[in-house]
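Please read the structure below before turning to the comments.
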Amino acid sequence: MKTLYISDLDGTLLQPNVELSANTITILNELMKQGMHFTVATARSLATVKPILADVSIHLPIILMNGVCIYDPMKKDYIKVEYFSKTSREILMALISSHNLKGFAYAIKDGVLATYYEDLSNKALKDFYEERVTKYKKPFTQIESFSRLADDPLIYFSLMDKKEALQQVFEVVSELSDLNCVFYKDNYSKDMWYLEIFSIYASKFHAVQFIRNYLQPETIVCFGDNLNDIPLFNASNRTYAVANAVPELKQKADAIIDRNTQDGVARWLKKNFNLNSDV
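Each residue of the sequence shown is one higher than the one before, counting from 6 in the numbering used here.
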């Protein structure tokens, strides 16, 4: 394999309606039939990625939940998962409780992802929940307190609130040696931010390094739009930010391509993929 292309989803490959355009689907399938090696790296879980990519014939491992897990669609199984240590679980639960933050906790049990929440106390949480239940039929389990999950195989916390409400926990987590996190503005809800927390050994950077060893591509080319794509850019050989990307990512990009609403990634691939040199 000479070149592997990796794209973020929301704000990059997807339209604002959280779907792939017909044009992007056609271009991706056409190029993959010609031999293009393509996959995605997203903050989303498998439950929502599967229906989004249902019309695209991706056969390579997919980076999920900001690199916490990697799923092989051919094996129909996770080939890499990074879990929290017991100490990390306890620290996070105490932090979340003391700052009265709300969000979702994720665990993988026997190869199946489970998602938990305490309550849906703001619009972003409600929208997140309702979209995934209505559109993707994703199961959620409500619990009285995240502390009930102290002994569960947790992999991820996704907290949603205004920036100032999450800022202090972000600063604390950033100083902890065995935790990693990304803190970025929601693409779909005004004034709402995500704080997503996971193992120090998990990130889009670590996941790309695993994919690099697993598939042995000579070159990795990536596409992104948001702050959580910085680790993806740091792990890739060539980097492209869509025109709607945040300024911090544009500064790191080798070049800026068309917006997600203009099918920027697909159009760039159609123009630049070379059967003779990229396969």
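Just so it is clear, CB atoms sit at the ideal spot from N, CA and C, and this is done for glycine as well.
Could you confirm whether any beta carbon from chain B is found closer than 8 Å to the beta carbon of residue i?
| i | result |
| --- | --- |
| Asn231 | Protein chains in the displayed structure number just one, and chain B is not present. |
At what residues does the beta strand (DSSP E) containing residue i begin and finish?
| i | result |
| --- | --- |
| Phe203 | Trp198 to Ser204 |
| Leu118 | Val117 to Tyr122 |
| His211 | No beta strand (DSSP E) holds His211; the alpha helix (DSSP H) holding it covers Lys209 to Leu220. |
| Val226 | Thr224 to Gly229 |
| Ser163 | Leu159 to Asp166 |
| Thr8 | Thr8 to Ser12 |
| Leu69 | Ile67 to Leu69 |
| Thr44 | His42 to Val45 |
Hey, quick one: how far does the alpha helix (DSSP H) through residue i stretch, first residue to last?
| i | result |
| --- | --- |
| Leu184 | First-last for Leu184: Leu184 to Lys190, but that is the beta strand (DSSP E), not the alpha helix (DSSP H). |
| Tyr134 | Lys128 to Tyr141 |
| Arg243 | No alpha helix (DSSP H) holds Arg243; the beta strand (DSSP E) holding it covers Arg243 to Val247. |
| Lys91 | Lys91 to Ser103 |
For residue i, count neighbouring Cβ atoms within 10 angstroms of its own Cβ and tell me buried if that reaches 16, exposed if not.
| i | result |
| --- | --- |
| Ile84 | exposed |
| His42 | buried |
| Thr47 | buried |
| Glu123 | buried |
| Thr8 | buried |
Give me, in chain order, the residues of the same chain whose beta-carbon lies closer than 6 Å to that of residue i; leave out the 5 immediate sequence neighbours on both sides.
| i | result |
| --- | --- |
| Thr146 | Tyr121 |
| Ile32 | Ala271 and Lys275 |
| Tyr134 | Leu125 |
In chain order, what residues of the same chain lie with their CB nearer than 8 Å to the CB of residue i, ignoring the 5 residues before and after it?
| i | result |
| --- | --- |
| Leu254 | Gly229, Asp230, Asn231, Leu232, Asp234, Ile235, Phe238 and Ala246 |
| Asp132 | Tyr193 and Ser194 |
| Trp273 | Phe228, Tyr245, Ile262 and Asp263 |
| Asp191 | Ala129, Met165, Met197, Trp198 and Tyr199 |
Enumerate in chain order the residues of its own chain whose CB-to-CB distance from residue i is below 7 Å, with the five nearest sequence positions on each side excluded.
| i | result |
| --- | --- |
| Asp196 | Lys167 |
| Met110 | The sequence shown places Ala at residue 110, rather than the Met named in the question. Taken in chain order, the residues that qualify are Tyr121, Phe151, Leu154, Leu159 and Phe162. |
Three or more C-beta pairs below 8 Å linking the region 160–174 and the region 193–212: yes
Cβ contact (3+ pairs, closer than 8 Å) linking the region 100–116 and the region 67–87: Contact between the region 100–116 and the region 67–87 is present, because at least three Cβ pairs lie under 8 Å.
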